[in-house]
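Comments concern the structure below.
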Amino acid sequence: MDSQGEPTMERAQQIEYLLRLADSPLVLAHRLSQWCGHGPVLEEDLALANISLDLLGQARLLYQHAAALAGGDASEDRYAYFRDVPEFGNFTMLELPNSGVASAGAGDPDYAFTIVRNAMYAAWQVELWQRLTDSSDAQLAAIAAKSLKEARYHLEHAADWMIRFGDGTDESHARAQRALDSLVPYASEWFVPDALDAEACAAGVGIDCAAIRSPWLERMHTIAGEATLRWPGDSEFCSTGKLGRHSEHLGYLLTEMQSVARAHPDAAW
Amino acid sequence: MSDPKSEWPLWEVFIRSKQGLEHKHCGSLHATDAQQALRMARDVYTRRQEGVSIWVVPSAAIAASAPESKDSYFEPMADKIYRHPTFYVLPDEVGHM
Chain C
1 MDSQGEPTME RAQQIEYLLR LADSPLVLAH RLSQWCGHGP VLEEDLALAN ISLDLLGQAR
61 LLYQHAAALA GGDASEDRYA YFRDVPEFGN FTMLELPNSG VASAGAGDPD YAFTIVRNAM
121 YAAWQVELWQ RLTDSSDAQL AAIAAKSLKE ARYHLEHAAD WMIRFGDGTD ESHARAQRAL
181 DSLVPYASEW FVPDALDAEA CAAGVGIDCA AIRSPWLERM HTIAGEATLR WPGDSEFCST
241 GKLGRHSEHL GYLLTEMQSV ARAHPDAAW
Chain U
1 MSDPKSEWPL WEVFIRSKQG LEHKHCGSLH ATDAQQALRM ARDVYTRRQE GVSIWVVPSA
61 AIAASAPESK DSYFEPMADK IYRHPTFYVL PDEVGHM
């Protein structure tokens, strides 16, 4: 990177910020991959696999960029497969099991839960990537430009289903409402900056995460309104996934996701 | 739970692989309406950059020739090779023909 484009951010901090950005799409990609072969219809099975692979691709580009900055033996695989729960900075919402919050991971996967989560996260990603196309980190800006197109499609897909569910049968409406009620509190942490967010924002590398709350809410209110769903009231709850303090579900997820790489370290494929 | 497949109508999917070429039939899928059929066609049939444009048509809207009329419909053409433009040399510039 040339001196003009050099962000005024400590390299270690910049890497941490990139890893935080990467961990969320990786973890949601894994959750969506768990639908593979279990989708409600073949067409949706493929759609979710596509979205999962898009998210995996975003995570890979961010890990590769972080690894290039870190140098040494850093690599995308080391980041994805050889870090443990406290080192992951993904949002807590994305690690929740597909069966929903109340199921404690034991219930059947709930498509309404997956769809509402995807809609909320895609709407957040659209705001994120739009702004990051202006990042002072040129590589991050390029990743954002590519990812923005994907996020727009993910939002279209999920919003379409969310409206169909909400405005559908009594059963689909109830499930969509239950998903929305349980998921909205988990979005709080997306908009509460910590020291790293503030530093990234000040350096022009990252975004002002508090500032995207209002456009995100506006977008979600529109979708929920069309879906005849009631937007839940504010809650005091704020999850702490991006700080590395996770729900009990991430450990199980990582154990499964990392098992092959850890059983065969340094295997090449 | 009832099988949703039995409730969703069938759509035929046509993909144009690049500008200037015609849309080609590539398969079918189940969807509740045209917009959803388009989205699903995108996910099912253009995953490997197969297309720049998609048409979907309700399968019920297609009138098809009957298999049993194959003899009367198509066999009479078998001995009329003069209807094929194989007696001309096509200039390269013509491209797709």
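Going line by line, the protein sequences match chains C and U.
Just so you know, my numbering puts the end of the first sequence at 269, numbered straight through with nothing missing.
Just so you know, my numbering puts the end of the second sequence at 97, numbered straight through with nothing missing.
Beta carbons: idealized from backbone N, C-alpha and C, even for Gly.
**Request:** Please confirm if the segment 25–39 of chain U is in contact with the segment 31–44 of chain C, defined as three or more CB-CB distances below 8 Å between the two stretches.
**Result:** yes
**Request:** Flag this pair as yes or no: are the beta carbons of residue 218 (chain C) and residue 163 (chain C) separated by less than 8 Å?
**Result:** no
**Request:** State the CB to CB distance for the pair residue 110 (chain C) and residue 31 (chain C), rounded to an integer number of angstroms; the pair is presumed to be in contact (CB under 8 Å).
**Result:** The Cβ separation is near 12 Å, so there is no contact.
**Prompt:** Run through DSSP, which three-state label would residue 54 (chain U) get?
**Reply:** strand
**Prompt:** Applying the criterion that 16 or more other CB atoms from any shown protein chain within 10 Å of the CB defines a buried residue, is residue 36 (chain C) buried or exposed?
**Reply:** Counting Cβ neighbours within 10 Å, residue 36 (chain C) comes out exposed, since fewer than 16 surround it.
**Request:** Tell me, please, which residues DSSP counts as bridged to residue 29 (chain U).
**Result:** U:11
**Item:** Minimum Cβ-Cβ distance from residue 83 (chain U) to chain C less than 8 Å
**Value:** no
**Prompt:** Just the Cα atoms here: how many angstroms apart are residue 197 (chain C) and residue 204 (chain C)?
**Reply:** 11 Å
**Asked** Per DSSP, what kind of secondary structure is residue 131 (chain C) in: helix, strand or coil?
**Response** helix
**Request:** For my contact list, residue 148 (chain C) and residue 122 (chain C) are in at a C-beta cut-off of 8 Å; report their separation, rounded to the angstrom.
**Result:** Contact doesn't hold; Cβ gap of about 11 Å is too wide.
**Prompt:** Within the 8 Å Cβ cut-off, does residue 50 (chain C) reach chain U?
**Reply:** Nearest CB-CB separation between residue 50 (chain C) and chain U: below the 8 Å threshold.
**Item:** Buried or exposed by the 16-neighbour rule on C-beta atoms within 10 Å, applied to residue 262 (chain C)
**Value:** The residue is exposed, with fewer than 16 neighbouring Cβ atoms inside 10 Å.
**Request:** Write down every uninterrupted run of the alpha helix (DSSP H) in the segment 81–136 of chain C whose length is 4 residues or greater and which is fully enclosed by it, in chain order.
**Result:** Runs found: 92–95 and 111–132.
**Coarse secondary structure for residue 245 (chain C), derived from DSSP in three states** = coil
**Item:** Burial state of residue 113 (chain U) (16 or more Cβ within 10 Å)
**Value:** With chain U covering only 1 through 97, there is no way to say anything about residue 113 (chain U).
**Message:** For a test of the three-state rule: what should DSSP assign to residue 48 (chain U), helix, strand or coil?
**Reply:** coil
**Request:** Show which residues of chain C have a CB atom less than 9 Å away from the CB atom of residue 30 (chain U).
**Result:** 41, 42 and 43
**Message:** Three Cβ pairs or more, each shorter than 8 Å: is that satisfied between the segment 70–79 of chain U and the segment 68–81 of chain C?
**Reply:** Cβ pair count under 8 Å is below three, so no.
**Prompt:** Does any CB atom of chain C fall closer than 8 Å to the CB of residue 13 (chain U)?
**Reply:** Output row for residue 13 (chain U): interface = no.
**Item:** At least three beta-carbon pairs within less than 8 Å, the segment 131–144 of chain C to the segment 183–198 of chain C
**Value:** no
**Prompt:** What does residue 47 (chain U) reach in chain C if we use C-beta pairs closer than 8 Å?
**Reply:** 46 and 50
**Asked** Would you report the Cα separation of residue 224 (chain C) and residue 23 (chain U), rounded to the nearest angstrom?
**Response** 36 Å
**Item:** Simplified DSSP state of residue 16 (chain U), which is helix, strand or coil
**Value:** strand
**Message:** With three or more C-beta pairs closer than 8 Å as the rule, is the segment 53–66 of chain U touching the segment 65–73 of chain C?
**Reply:** no
**Item:** DSSP three-state assignment for residue 173 (chain C), whether helix, strand or coil
**Value:** Three-state DSSP puts residue 173 (chain C) in a helix.
**Request:** Verify whether the separation of the beta carbon atoms of residue 95 (chain C) and residue 253 (chain C) is less than 8 Å.
**Result:** yes
**Neighbour-count burial assignment, residue 63 (chain C), 16 or more Cβ in a 10 Å radius** = buried
**Asked** Short check: CB of residue 239 (chain C) to CB of residue 92 (chain C), under 8 Å?
**Response** yes
**Prompt:** Which residues in chain U sit within 8 Å of residue 160 (chain C), going by Cβ to Cβ distance?
**Reply:** 35, 36 and 39
**Request:** Apply the 10 Å Cβ neighbour rule to residue 260 (chain C) and answer buried if 16 or more other Cβ atoms are within range, or exposed otherwise.
**Result:** exposed
**Request:** Measuring only between beta-carbons, confirm whether residue 57 (chain U) sits less than 8 Å from chain B.
**Result:** Chain labels in this structure do not include chain B; the protein chains are C and U.
**Nearest-angstrom Cα separation, counted from residue 15 (chain U) out to residue 84 (chain U)** = 27 Å
**Asked** Relative to the C-alpha of residue 33 (chain U), which residue among U:51, U:60 and U:48 is closest?
**Response** U:60
**Message:** In whole angstroms, give me the CA-to-CA distance for residue 12 (chain U) and residue 19 (chain U).
**Reply:** 21 Å
**Asked** Interface residues of chain C around residue 43 (chain U) at Cβ under 7 Å?
**Response** Against chain C, a Cβ distance below 7 Å from residue 43 (chain U) picks out 43, 46, 47 and 50.
**Asked** When burial is assigned at 16 or more other CB atoms within 10 Å of the CB, is residue 114 (chain C) buried or exposed?
**Response** Buried: at least 16 other Cβ atoms inside 10 Å.
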